[in-house]
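Peer 1: Provided herewith is a single structure, encoded as structure tokens, for subsequent inquiry.
Protein chains: 2
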Amino acid sequence: MTLEKLFANFDNYIPLDEEEREDLSKRLAERKVKRRQFILQEGDVCKHYTFVAEGCFKKFHVDKKGTEHNLQFIAENDWIMEIDSFYNEKPSRVFIEALEPSVILQITKPDLIELFMSNPKFNRNFRVIIENRFVELENRVLQAISSTAEERYLTFLNQYPKLSQRLPNTQIASYLGITPEFLSKIRKEISKR
Amino acid sequence: MTLEKLFANFDNYIPLDEEEREDLSKRLAERKVKRRQFILQEGDVCKHYTFVAEGCFKKFHVDKKGTEHNLQFIAENDWIMEIDSFYNEKPSRVFIEALEPSVILQITKPDLIELFMSNPKFNRNFRVIIENRFVELENRVLQAISSTAEERYLTFLNQYPKLSQRLPNTQIASYLGITPEFLSKIRKEISKR
DNA sequence: AAATGCCCTTAAGATAGTTTAAGAGTAAAT
DNA sequence: ATTTACTCTTAAACTATCTTAAGGGCATTT
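Chains W and S are the protein sequences, given in the same order. Reading the first sequence from the start, the letters are residues 1 to 193 in my numbering. Reading the second sequence from the start, the letters are residues 1001 to 1193 in my numbering.
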């Protein structure tokens, strides 16, 4: 069931044949995660690439004042990766925490590298995963340097219509880089029209 | 001379042997670019991965009002890539323009794919290039949603000390997501201390 | 040498976003 | 069932940033 979702996800890129599915699935570990549970904490080295089969996570940084800043939401059918920590084995500067009860599939670095070596298709598929996230990030930088908070909020609603209904506005505000109070004001303005 | 710089760049990742250098260099085209010349325009499909051997470029977006927003500066010893346009052959939404007279090395997509197929080392090296840029981008998003303009400016000075002396402040302001007037004010504040 | 264009700065007034405080509503914990 | 914690909203005062306008300094073009 859970694996099926992952295979279906790869079907969007380069689909895997029976043998490749075997190779992949025997290297994956399934985990259930409770709401508010962390799968990565600041200072730890990220040991896994993680596929979200069900649920939703946030990736965030905590500044010196103790304020959280949400870098990304990752919901079902998407990958969680903390690239710098994972590949370079550096301590992570972010936390990754479940916002809902979730089910994930995880693969370790040695296993992933084996897959890369054994079959270029994996290399390609995982490159595409990074590329997609890359495009998302560049768009976010562009928005951040060129748009007002209201524009960013409307873009978010547009881009993640389902997510925006599942997430509390406090979390969305933290993602947009504004205070919850100001988001509230924006929402009021919008609803007036 | 120009090729040497590229090889030296790869030495930071997984160094290439003689044969691999051959394979790579016969697929590269060297180009001289004048100041203010574009190597990619909005609407065009990005046909190359580009290594900057000398000089400096800016990658920017132009909004509906005609205002430019700098997404990135790319100086010597770094790679220019417009991933979405290059891999998915979509029209680019950004321009890439030389800020100084420059020398670049370019490789086309078919040639790059051939390299990927022929030797996993290339795959790995180009993955690392993306990863590095990726980390840079995540840091930028974090800064954008969590820091004031002054903090972002100080981080920029710190992170790109040489660049910050070569670039006009108007360009830096566009990168930071503020107006040149406000950057001027910030600089005055800082120098008072 | 004059003219043009680009860059940097200053300042006043406007707008966008934060802070603090408070209250009401809802979900979670005991 | 009650308490506790979290979320959303409002408003007033404050701070960060933008807009407009203007002037001076270089460098490049004519």
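Think of the CB as a built atom: it goes at the ideal place given N, C-alpha and C, for glycine as much as any other residue. Predicted model only: the values in this text are computed from it and were never measured.
Which residues in the same chain as W/LYS26 place their Cβ atom closer than 7 Å to its Cβ, once the five residues preceding and following it in sequence are excluded?
Peer 2: Around W/LYS26: no qualifying Cβ.
Peer 1: Check for me: the alpha helix (DSSP H) holding W/ASN70 runs from which residue to which?
Peer 2: It is not in any alpha helix (DSSP H) - W/ASN70 instead sits in the beta strand (DSSP E) that spans 68–75.
Peer 1: Thinking C-alpha only, which one of W/LYS90, W/ASN77, W/PHE73, W/PRO110 is nearest W/GLU97?
Peer 2: The candidate whose alpha carbon is nearest that of W/GLU97 is W/PHE73.
Peer 1: Scan the segment 1047–1124 of chain S and note each continuous alpha helix (DSSP H) run of 4 residues or more that stays entirely inside, going in chain order.
Peer 2: Whole alpha helix (DSSP H) segments, 4+ residues: 1083–1088, 1109–1118.
Peer 1: Nearest to S/PHE1060 by alpha carbon, out of S/PHE1095, S/GLN1171, S/GLN1143?
Peer 2: If we check each option's Cα against that of S/PHE1060, S/PHE1095 comes out closest.
Peer 1: Would the beta-carbon of S/CYS1056 fall within 8 Å of that of S/GLU1100?
Peer 2: In contact: S/CYS1056 and S/GLU1100 (Cβ atoms closer than 8 Å).
Peer 1: Any contact between the segment 1032–1039 of chain S and the segment 1001–1020 of chain S? By contact I mean 3 or more CB pairs, one from each, below 8 Å.
Peer 2: No, the segment 1032–1039 of chain S is not in contact with the segment 1001–1020 of chain S.
Peer 1: Which one or two residues does DSSP pair with W/ARG201 in a beta bridge?
Peer 2: Because chain W in this structure spans residues 1 to 193, residue 201 of chain W falls outside the shown range and cannot be described.
Peer 1: Who does W/PHE38 pair with in a DSSP beta bridge?
Peer 2: W/GLU97.
Peer 1: Within the same chain, show all residues whose beta-carbon is closer than 8 Å to that of W/GLU82, passing over the 5 residues directly before and after it, in chain order.
Peer 2: Once the five neighbours on either side are set aside, the close Cβ partners of W/GLU82 are LEU40, CYS46, LYS59, SER92, VAL94, ILE96.
Peer 1: With a threshold of 16 other CB atoms inside 10 Å of the CB of S/SER1191, please say whether the residue is buried or exposed.
Peer 2: Label assigned to S/SER1191: exposed.
Peer 1: Closer than 7 Å by beta-carbon distance: list the chain S residues that pair up with W/TYR87, in chain order.
Peer 2: Result: GLU1131.
Peer 1: Does DSSP put W/LYS32 in a helix, a strand or coil?
Peer 2: In this structure, W/LYS32 counts as strand in the three-state DSSP scheme.
Peer 1: Can you pull the chain W neighbours of S/ARG1035, defined as C-beta to C-beta under 9 Å?
Peer 2: Within chain W, no residue comes near S/ARG1035; the closest Cβ sits about 24 Å away, beyond 9 Å.
Peer 1: Skipping 5 residues on each side, what residues in its chain have a beta carbon closer than 6 Å to that of S/THR1170?
Peer 2: Counting only Cβ-Cβ distances below 6 Å, and skipping sequence neighbours, we find PRO1180.
Peer 1: Between which two residues does the alpha helix (DSSP H) carrying W/ASP23 extend?
Peer 2: First-last of the alpha helix (DSSP H) with W/ASP23: 18–25.
Peer 1: Note down the Cα distance separating S/ASP1044 from S/THR1050, rounded to an integer number of angstroms.
Peer 2: Rounded to whole angstroms, S/ASP1044 to S/THR1050 spans 16 Å at the Cα level.
Peer 1: Listed from N- to C-terminal order along the chain, which residues in the segment 141–155 of chain W have their beta-carbon within a distance smaller than 7 Å of any beta-carbon of chain S?
Peer 2: Answer set for the segment 141–155 of chain W: VAL141, LEU142, ALA144, ILE145, SER146.
Peer 1: From W/SER174 to S/ARG1021, what does the alpha carbon distance come to, in whole angstroms?
Peer 2: So the two alpha carbons sit approximately 47 Å from each other.
Peer 1: In the DSSP assignment, what residue or residues form a beta bridge with W/VAL45?
Peer 2: Note: W/VAL45 sits in a beta bridge opposite W/PRO91.
Peer 1: Near W/LYS32, which residues of its chain fall below 7 Å by C-beta distance, leaving aside the five closest residues on each side in sequence?
Peer 2: The answer, listed in chain order, is VAL103.
Peer 1: Report yes or no: do the segment 160–169 of chain W and the segment 125–140 of chain W share at least 3 C-beta pairs separated by less than 8 Å?
Peer 2: Segments in contact, no.
Peer 1: Can you tell me where the alpha helix (DSSP H) holding W/ASN9 begins and where it ends?
Peer 2: Run containing W/ASN9: 2–10, per the alpha helix (DSSP H) assignment.
Peer 1: Could you tell me whether the Cβ of S/PHE1134 comes closer than 8 Å to any Cβ of chain W?
Peer 2: Yes - at least one Cβ of chain W is within 8 Å of the one on S/PHE1134.
Peer 1: Quick one: is S/ARG1152 buried, meaning 16 or more other Cβ sit within 10 Å of its Cβ, or exposed?
Peer 2: So S/ARG1152 counts as buried.
Peer 1: Only counting the same chain, and skipping five residues up and downstream in sequence, which positions put a Cβ closer than 7 Å to that of W/ASP78?
Peer 2: Taken in chain order, the residues that qualify are VAL52.
Peer 1: Please identify, using Cβ separations under 7 Å, the residues of the segment 46–72 of chain W that lie next to chain S, in order along the chain.
Peer 2: So the close ones are HIS61, ASP63, HIS69, LEU71.
Peer 1: Is the beta carbon of S/GLY1177 closer than 8 Å to that of W/ALA144?
Peer 2: Contact flag set, yes.
Peer 1: Determine, for S/MET1001, whether the minimum Cβ-Cβ distance to residues of chain W falls below 8 Å.
Peer 2: Chain W contact via Cβ: absent.
Peer 1: Taking only beta-carbon atoms, is W/ARG127 less than 8 Å away from chain S?
Peer 2: Answer yes: the Cβ-Cβ gap between W/ARG127 and chain S drops below 8 Å somewhere.
Peer 1: Assuming S/GLN997 contacts S/ALA1029 under a Cβ cut-off of 8 Å, what Cβ separation, rounded to an integer in Å, is found between them?
Peer 2: Residue numbering for chain S in the displayed model covers 1001 to 1193; residue 997 of chain S lies beyond these limits and cannot be assessed.
Peer 1: For the segment 1078–1110 of chain S, which residues have a CB atom closer than 8 Å to at least one CB atom of chain W, in sequence order?
Peer 2: The residues in question are ILE1083, ASP1084, TYR1087.
Peer 1: Using 8 Å as the limit for Cβ to Cβ distance, is S/LEU1163 near chain W?
Peer 2: Not closer than 8 Å to any Cβ of chain W, the Cβ of S/LEU1163 fails to qualify, so no.
Peer 1: Would you verify that the beta carbon of W/PRO168 is, or is not, closer than 8 Å to some beta carbon of chain S?
Peer 2: Closer than 8 Å: no.
Peer 1: When Cβ atoms are compared, which residues of the segment 172–191 of chain W fall closer than 9 Å to chain S?
Peer 2: Result list: SER174, TYR175, LEU176, GLY177, ILE178.
Peer 1: Could you spell out the range, first to last residue, of the alpha helix (DSSP H) harbouring S/ILE1186?
Peer 2: Unbroken alpha helix (DSSP H) run through S/ILE1186: 1180–1192.
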